[in-house]
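For the record, the sequence lines run as chains R and Y. Under this note's numbering, the first residue of the first sequence is numbered 45, with each subsequent residue one higher. Under this note's numbering, the first residue of the second sequence is numbered 9, with each subsequent residue one higher. Just so you know, even glycine gets a beta-carbon here, dropped at the ideal spot from N, CA and C. Quick caveat, the model's predicted, so the values are computed rather than measured. What follows is a set of notes on a single structure, which appears directly below.
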Amino acid sequence: MYLFIVIICCLTFILISASGLINKTPVAMLGACLVMLFGAVADHTLLIPVDLNVVFMLMGVMIIGDILADTGVFEWFAIASAKKMHGNGMLTVTALMVIAAVSSALLSTPVTLVYLIPVTILLAQILDLPVKPVLAMQAYFAGLGGSLTLVGSPVNFMTGLFFNISFLEVLREMILPVTFIGSVWLILIWIFKGRSLVVSTGNREHIMKSLPEKAITDRKTLKRALIPVSVTLIVLIFGTSWFGRGLEGVILLFGALVTGFLCRFKITPLLHKVNWSVIMFYGSVCILVGGLEAGTLLPGVGEYIFKYSGGDFKWLPLAVLCGTALLAVFVENIALTVLMLPLIQLIAVRFQVTDIRPVLWALMLGIMLGGSISLYGSAANFALARLAKRNKYKISGTKFCAGGFPLAFIGLMIAAAWLYLKYIDK
Amino acid sequence: MNLATLISVDSIISGVEPADKWELLDMMVDSMSTSSAVRHSGIPQERILDAVVKREHSNNTGVGNGYAFPHARIPGLKGLAVGMAFLQKPLNYESMDQVPVNIVCMILAPDKNPTMALKVMAQVVRLFSDQRLKENILKVRDNRTIFNILLEAGASSDIPIMARDIMNSPLLDVRRDTPIYEVIQLMASKHLSALPVVDEHGNIEGHITGARLFQLGMPEFMTRLKGVSFICEFEPFEKYFYEKSNSLAGEVMTSDFCAMSTVATLLEIVYALTTRNYPMIYVLEGNTLVGMIDQGTVLEQIINF
C-alpha cells in the first residue's frame, strides 16, 4: 500500500512536471507530504536524503548570480560582444551562445538564462533576428556549458556532492567532450542557420552606436563583488585539498554571503535573492525518491539491472548515457538525478565497482543532452519558455525538442564515442 | 464645534448676483473683514483677497455639484474664519463638472491646523446633502434667518474626515468595450492616474492605471533589464502601443483596485495610497461607484490647503 502511494505520487508528479501546465513545486511538495504522512517508515528518515550541501550550493549560486546581475554585468557582456562583432548576426549569436555557456559553467544554467534572456531578446529585436531560434540556441549552449563544472547545473552538483567528486575532477573530465560537442554544434548552426542570421546595415548601426560602458549600472558593487567571487571560485576549484571533499556547497554559500556583506547587503535582502521555490522543489523530490528507496522499489530496479546485464559493468556507462538522455526528455531533470543517484550507488555496490565515475560522467552528459531539448524537463528551459511567452514569443515544446534533437543526437554520439574510447576500449 | 459659531451674520451673503466669481470673491472677503479672526489679526483686506485669488488661480475650488470652497492659508490669522454665499441665481464658477454653483463657502485658515478647514468643508457638504434644507435656505434672502437656520441645524465641525468628504466627483468611468485610445485620451485630458471600468449598473469591475498603459508600450523583457541607457537607437514603444491600440478597456483593465465605502476614514485612505501604493481609491456606496480619491486629491485638500 505504501509503495503504491509513493509510485502514484511520483507518477503524478512526473506527468504534471512534463506537461508544464502548472507549477511543479507545489505538486512535488504535496507529493512529499503524502509520502511522509502515509510512510511505512519513520518520517524523519525520509528527510535524510535532503543534502544540505546541495541546498547551500543552490543558495550560493543564486545569491552570487543576483548580486552580479544587479550591476548590469550580463547586459554589458551581451552588448559589448555584439558591438565587438560589429553587429554581425552570426557572430553576435555565436558570442551570445559562448557567453551563455561560460556563464552557465560558473553560475549554473538556470541563473544564467534568467539574466541573459532579456538582453538576448533586446539584441535580437534590435538586429531583427528570429528571436525564438536565438533563444533556443542560447538555451542549448547554456545547458552544455552548465555540464562543464560542478556548479554549472543542479544535475552536476547533486551528482558531484553525492559521490564526493571535486570541481576540478568534473572540469578535467568534461572539458574535452563538452568543448568538442560545442564546436560541432557551432559549426552546424553556422551551416544551417547562417542565412537567417543576416543583419541589415541599418540595424548594425544601432549596435555600433550603443554604449556598452553604460550597461554597468552599479560599478561600485561590481568592483566590491569581483574579488570575493573570484576567490570563491579559486577555492572551489583548488580548495578541496585544503578543506576536504564534499564541502563545495558550504564554500559557495560562504563566498556568496561574504560577497553580499562586502557589497553592503543586509542578510534579509540577500536571502530574498534565493529562489526558495527551487530549494523546496529539490527537498520535496528528495523525499519522494527517499520514499521509493524505502519502498524497496529502487533496490529492486538495481537488482534487475544487475541480472539483465549479466553482471558486466563495461557497457553500463553507455547504457546510462542513452537511458538518462531519453528519460531526461520527459522527466524533470532534478527529479531524475535524485532518482538516479541512489540507483547508481546500489548498482556500484551490486557490481562491486571500484571506480563508478564513468557512469557519473555518462549521467551528467546524458541528462544534460536529453534535458537540453526538453522545454519543461529542466528548470532553465522552463524559465526560458516562461520568459519568452511573456514577451509574445511562445515556444512550443515539440518544436523546441525537434529543433534541438539533431544537436542532442550528435552530442550523444560524441559523448558515447568519448566514453567508449576513454573508459570502455582502454 | 458648531458650524454657526464660526460664521457671523455679517459674513453671510445672499440675494446678490455677482457678474463673475472674482466679483463674488471680492464681496465675500469684504463681508468677512468684520469677523473676529480677521479683525483681531489686523491683516489688510487686500492681502486676504490676494491670497484667495492666488489660490483660485492655482487650482479651481469649484468641487462640483453646485459647491465651491474658495480658501486660503493666511499667516498670522487669529483663528478660522468662515463666510458663506447663497446664490439664488447660480454662478458659472468653472467647476470641474461645469455645473454652476449656488453655495459658496469661503474658509480662511491660519498657518496651523488646516484639517479644521477641511472639516468645515465636509460639514457644509453634509449639511446641504439634506435637499430640503438646501432648497429652503436658497429661498431666504435675510442673512439673520439664514444664520438661524444654520444654528438650528446644529451642525458640528468636530467630525472625522471621511472618504465622502474628500472624494472627487463628477465621476469619470469607462465600460469594458471602450476602445483603449479613448481611455488614454480621457486620462490625458483629465490628468487622471487611473480610471474605473464599470458595468451597466455602475458597479466597478476593474481599473486602468497610467502604469498599466505604460506597460503596454514597454515590453516585459525590458522591465527585467538593469538598465537601457546603453542602447542609443531603439524605440520599440510605438510598435508595442500600435499592437495594443485596438484593445478594449476590458482587455487592459486589472482587478487590483482599492475600493472603500463613503465612511472610510482619512487614515485608511492615506494608508492605502501611501503604504499599499494604490494609485486611486474608488469610493462605493453599496456596490455603486460614487467617487474617486488619488494622492493628488489628498495633497490638494489636506496637505496643500
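For this session: Can you grab the Cα-Cα spacing for the pair Y:N134 / Y:A161, in whole Å?
Result: It is worth fixing the name first, because residue 134 of chain Y is Arg in this sequence and not Asn. Their backbone Cα atoms lie some 11 Å apart in a straight line.
Problem set entry | Interface residues of chain R facing Y:S237 [CB-CB closer than 9 Å] | L255, K258, A259 and T261
Exercise. Which residues in the same chain as R:A72 place their Cβ atom closer than 6 Å to its Cβ, once the five residues preceding and following it in sequence are excluded?
Worked result: F57, F325, S328 and V329
For this session: In the DSSP assignment, find the unbroken alpha helix (DSSP H) run with R:Q182 in it and report its ends.
Result: Note, R:Q182: alpha helix (DSSP H), V175 to G190.
Exercise. What are the boundary residues of the beta strand (DSSP E) that Y:Y6 is part of?
Worked result: With chain Y covering 9 to 313 only, the question about residue 6 of chain Y has no answer from this structure.
Exercise. Ends of the alpha helix (DSSP H) at R:M218?
Worked result: F211 to K237 is the span of the alpha helix (DSSP H), which, as asked, contains R:M218.
Exercise. What is the rounded straight-line gap between the Cα of Y:A27 and the Cα of Y:Q131?
Worked result: So the alpha carbons of these two residues sit roughly 28 Å apart.
Problem set entry | Boundaries (first-last residue) of the alpha helix (DSSP H) holding R:E249 | T245 to M252
For this session: State yes or no: is the beta carbon of R:G116 nearer than 8 Å to at least one beta carbon in chain Y?
Result: yes
For this session: Please determine, among Y:A45, Y:E54 and Y:M114, the residue with the shortest C-alpha to C-alpha distance to Y:K86.
Result: Considering only alpha carbons, the answer is Y:A45.
Exercise. Where do the N-terminal and C-terminal ends of the beta strand (DSSP E) with Y:M268 fall, by residue?
Worked result: C266 to S269
Exercise. Hey, out of R:K264, R:K267, R:G299 and R:D262, whose CA is closest to R:L280's CA?
Worked result: R:G299
For this session: Within the segment 153-233 of chain Y, note down every full beta strand (DSSP E) run reaching 3 residues or more, in order along the chain.
Result: Taking 3 residues as the minimum length, the beta strand (DSSP E) runs contained wholly in the segment 153-233 of chain Y are 202-206 and 212-217, in order along the chain.
Exercise. Enumerated in chain order, which unbroken segments of the alpha helix (DSSP H) with a length of 4 residues or greater are wholly contained in the segment 83-151 of chain R?
Worked result: 87-91, 96-114, 117-128 and 133-151
For this session: Work out the CA separation of Y:L274 and Y:P287 for me, nearest whole Å.
Result: 16 Å
Exercise. When DSSP builds the beta bridges, which residues end up paired with Y:M92?
Worked result: Note: Y:M92 sits in a beta bridge opposite Y:I20 and Y:C113.
Problem set entry | Endpoints, alpha helix (DSSP H) assigned at R:G304 | E292 to L306
For this session: List the DSSP bridge partners of Y:H79.
Result: Y:I115
Problem set entry | Length of the line joining the Cα atoms of Y:P98 and Y:I277 | Spanning the two alpha carbons is a distance of roughly 33 Å.
For this session: Please check if any C-beta of chain R sits within less than 8 Å of the C-beta of Y:C240.
Result: yes
Problem set entry | For Y:I301, the three-state DSSP class (helix, strand or coil) | strand
For this session: Check the Cβ of Y:E259 against every Cβ in chain R and list those closer than 9 Å, keeping chain order.
Result: Per Cβ cutoff of 9 Å: no residues; Y:E259 is ~15 Å from chain R at best.
For this session: Check the Cβ of R:H250 against every Cβ in chain Y and list those closer than 7 Å, keeping chain order.
Result: E241 and F242
Exercise. If we count Cβ pairs, one from each stretch, closer than 8 Å, do we get three or more for the segment 123-134 of chain R versus the segment 246-259 of chain R?
Worked result: yes
For this session: Give the secondary structure of Y:V148 by DSSP, where H, G and I count as helix, E and B as strand, and everything else as coil.
Result: coil
Exercise. Considering only the beta carbon of each residue, do R:A139 and R:G190 sit closer than 8 Å?
Worked result: no
Exercise. Any idea which residues DSSP pairs R:G335 with across the strands?
Worked result: Paired residue(s): none; R:G335 is not in a bridge.
Problem set entry | Under the three-state DSSP convention, the category Y:T273 falls into | strand
Exercise. Start and end of the alpha helix (DSSP H) containing R:G441?
Worked result: Boundaries of the alpha helix (DSSP H) harbouring R:G441: G441 to L463, taken from the DSSP string.
For this session: Could you tell me whether any Cβ in chain R is nearer than 8 Å to the Cβ of Y:L221?
Result: no
For this session: Run down chain Y in chain order and give the residues with a C-beta less than 7 Å from the C-beta of R:E213.
Result: The premise fails here: R:E213 is roughly 35 Å from chain Y at the closest Cβ pair, so nothing lies under 7 Å.
Exercise. At a cut of 8 Å, does the segment 34-41 of chain Y reach the segment 13-22 of chain Y through at least three beta carbon pairs?
Worked result: yes
Exercise. Could you give the C-beta distance for R:L332 and R:V163, rounded to a whole number, given that I count them as a contact under 8 Å?
Worked result: So it is not a contact: roughly 36 Å between Cβ atoms.
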